[in-house]
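Undergrad: Below is a structure I'd like to ask you about.
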Amino acid sequence: DVKVTQSSRYLVKRTGEKVFLECVQDMDHENMFWYRQDPGLGLRLIYFSYDVKMKEKGDIPEGYSVSREKKERFSLILESASTNQTSMYLCASSLWGTGSTDTQYFGPGTRLTVL
Amino acid sequence: GESVGLHLPTLSVQEGDNSIINCAYSNSASDYFIWYKQESGKGPQFIIDIRSNMDKRQGQRVTVLLNKTVKHLSLQIAATQPGDSAVYFCAENISNTGNQFYFGTGTSLTVIP
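Heads up: the sequence lines are chains A and B, in that order. Just so you know, the first sequence maps onto residues 35 to 149 in this note's numbering. Just so you know, the second sequence maps onto residues 603 to 715 in this note's numbering.
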């Protein structure tokens, strides 16, 4: 079974803090994704990565950055957290590389609250 | 982004009945679809997928139907159980856009014992 883990289930941070969300997958997947999920809006793609040290902006990258130093780990960084970044953050991974399509498997999510 | 929507935001069914959850998509170039189940406080869980060269696919107690003519997708759950209570949403992938998906907002299914 594919396993995607996220470092925290719940986080509470203050405005202006730097926040790191970590995601690890154990199935040697090439693709990794970060989404945020808000009521009534569904999942929105923040950033994704097709390979180590490679990243691409999704639909809502503003205020976020990412890091992929190892194939199994994809980090989402909030350089200076703001209250409008309070959300559920979901990490996902999938098997194939660019141009292919495969199922995305999700982690359990991190519920971030910014005060 | 693409518009992927659901006809009904909430659905209540009696335990043992069949459930049907619908999804509309707008891009005729979409060629791969996934249904996810998300329980409260958890991440989305893959249920079943279907590619555009098929119109029906069956899993354990679940069936997905794809009607490309009207750009409509449905998830049928047979003999619905209390453990099926969750939010269900569909995701579509548009051909040649790589591994990016567009997600619907979800339908909340409540199973009444």
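We put the beta carbon where it would ideally sit given N, CA and C, even for glycine. Keep in mind that this is a model prediction, so the values were computed, not measured.
Who pairs with A:G76 in a beta bridge, going by DSSP?
TA: Answer is A:D72, bridged to A:G76.
Undergrad: Count the other CB atoms, across all protein chains shown, that sit within 10 Å of the CB of B:P646; report buried if there are 16 or more and exposed otherwise.
TA: B:P646 should be labelled buried.
Undergrad: Assuming B:Y614 and B:T709 make a contact with CB atoms under 8 Å, what is their CB distance in whole Å?
TA: According to the sequence provided, residue 614 of chain B is Ser. The question's Tyr does not apply to it. Incorrect: roughly 11 Å between the Cβ atoms, too far for contact.
Undergrad: If you reduce the DSSP assignment to three classes, tell me which class B:D686 lands in.
TA: Helix, per DSSP.
Undergrad: What's the C-alpha gap between A:G74 and B:P611?
TA: Cα to Cα, A:G74 sits roughly 10 Å from B:P611.
Undergrad: Contact criterion: CB-CB distance below 8 Å. Does B:P684 meet it with respect to chain A?
TA: False, the Cβ-Cβ gap to chain A never drops below 8 Å.
Undergrad: Tell me, please, which residues DSSP counts as bridged to B:I622.
TA: Per DSSP, B:Q678.
Undergrad: Might you give, ordered along the chain, the residues of its own chain that have their beta carbon closer than 6 Å to the beta carbon of A:R107, omitting 5 neighbours on each side?
TA: Answer for A:R107: V58, listed in chain order.
Undergrad: Going along chain B, which residues have a C-beta under 9 Å from A:N118?
TA: None at all; the shortest Cβ gap to chain B is about 19 Å.
Undergrad: Are A:K47 and A:A126 close, meaning C-beta to C-beta below 8 Å?
TA: The answer is no: Cβ separation not under 8 Å.
Undergrad: Can you tell me which of the three DSSP states B:T712 falls into?
TA: Strand, per DSSP.
Undergrad: Using a Cβ cut-off of 7 Å, pull out every chain A residue sitting near B:D657, in sequence order please.
TA: What B:D657 touches in chain A: nothing, since even the nearest Cβ is about 18 Å away.
Undergrad: Could you compute how far the alpha carbon of B:T671 sits from the alpha carbon of B:A681?
TA: Going from the Cα of B:T671 to the Cα of B:A681 covers about 29 Å.
Undergrad: When you compare the CB positions of B:F691 and A:G76, do they come within less than 8 Å of one another, or not?
TA: Taking 8 Å as the Cβ cut-off, B:F691 and A:G76 qualify as a contacting pair.
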